[in-house]
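See structure below.
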Amino acid sequence: WLGVGLYNGQGTQPVSAFLQHFTWEEIRSHNGRGQSQEQWLVIDRKVYDVSKFSKHHPGGSRVISHYAGQDATDAFVAFHNDKTLVKKYLKSLLIGELAPDQPSFESNKKKSLLEDFRELRCTIEKMGLLRPNYVFFFLIFLHFVVLDAASWLTVWYFGISFVPFLAGMIQMGWFQHDLGHCSVFRKPKWNRLLQIVVINVLKGLPASWWNHLHNQHHAKPNCFRKDPDLNMHPLLFSLGKPLSVEVIRCSLWVLLAVGAVWHLNPSGPV
1 WLGVGLYNGQ GTQPVSAFLQ HFTWEEIRSH NGRGQSQEQW LVIDRKVYDV
51 SKFSKHHPGG SRVISHYAGQ DATDAFVAFH NDKTLVKKYL KSLLIGELAP
101 DQPSFESNKK KSLLEDFREL RCTIEKMGLL RPNYVFFFLI FLHFVVLDAA
151 SWLTVWYFGI SFVPFLAGMI QMGWFQHDLG HCSVFRKPKW NRLLQIVVIN
201 VLKGLPASWW NHLHNQHHAK PNCFRKDPDL NMHPLLFSLG KPLSVEVIRC
251 SLWVLLAVGA VWHLNPSGPV
């Protein structure tokens, strides 16, 4: 997240007397699960109902649903470079704000850690470390175009060869990763357009598929059942003892279930 944006750390907006006030207990109850299928989330102390909007969210419904019943301030800033445009859509979703006696984030979040992280974000922004270097990205683009051309020339002259093509694929993967995060150009549409050229045309993969999965990874990194990378290779990517124990326990239950099915019907498919 550090590389794509976080909350600016300049404090919260003033409390308005015209908006309905909510407590964190009320917000947590609207997490899209249980009796209430409604999805509420908090951005900069404002409460938004995204129940219907989540299906039309450009970044995918799961990314926004993962924050239902939670504070999504940092994630909102991280994923949206053009905040002026996005805030126009938020106006129709606004239903209230946190009550004045409520903290700005959930009780299970450590205040000192959040403040340190946001301060670090502001520092690296002031240092210009997040500003893209267009010459660098142009050379990267030229680099993998040459590699891609070399792979086709190798196939044409020497026959089938996987090595040059694989080298070009790896380079393209990193570049389209930066484009997918809208980290190359200021306007998201130019990032999306060039990403389609790189991943769709040159790599033969759908950009929407990659964005849908990778956005979830950055929205909920290392969260079991929410992070696609963790779900794909849980034993390889899980970090921390509690999470590793949970992953192993669930994996054992799956193995036991598969074994039970096979035991009942050894000749049938598992």
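First residue of the sequence shown? That's 1 in full-length UniProt numbering, and the numbers climb one at a time after it.
All C-beta atoms in this analysis are idealised placements derived from N, C-alpha and C, irrespective of residue type, glycine included.
Note that the structure is a prediction, hence the values are computed from the model and not measured.
| Query | Result |
| --- | --- |
| Residue environment, residue 18, which counts as buried when at least 16 other CB atoms sit within 10 Å | exposed |
| Per-residue DSSP class, three states only, for residue 212 | helix |
| Residues near residue 106 in its chain [Cβ-Cβ closer than 7 Å; skip 5 each side] | 24, 70 and 71 |
| Residues near residue 216 by beta carbon distance below 6 Å, same chain, minus five either side | 62, 63 and 228 |
| Straight-line gap, residue 85 to residue 223 (C-alpha atoms, nearest Å) | 30 Å |
| Cut-off 7 Å between Cβ atoms - residues of its own chain near residue 220, not counting five sequence neighbours on either side | 66, 226 and 227 |
| 6 Å CB neighbourhood of residue 43 in its chain, flanking five on each side removed | 72, 73 and 76 |
| Nearest residue (CA-CA) to residue 188, options 213, 128 and 58 | 58 |
| Beta carbon of residue 145 nearer than 9 Å to that of residue 202 | yes |
| Burial state of residue 286, where buried means 16 or more other Cβ atoms lie within 10 Å | Residue 286 lies beyond the residue range present for the chain, which begins at 1 and ends at 270; the question has no answer from this structure. |
| Beta carbon of residue 100 nearer than 9 Å to that of residue 177 | no |
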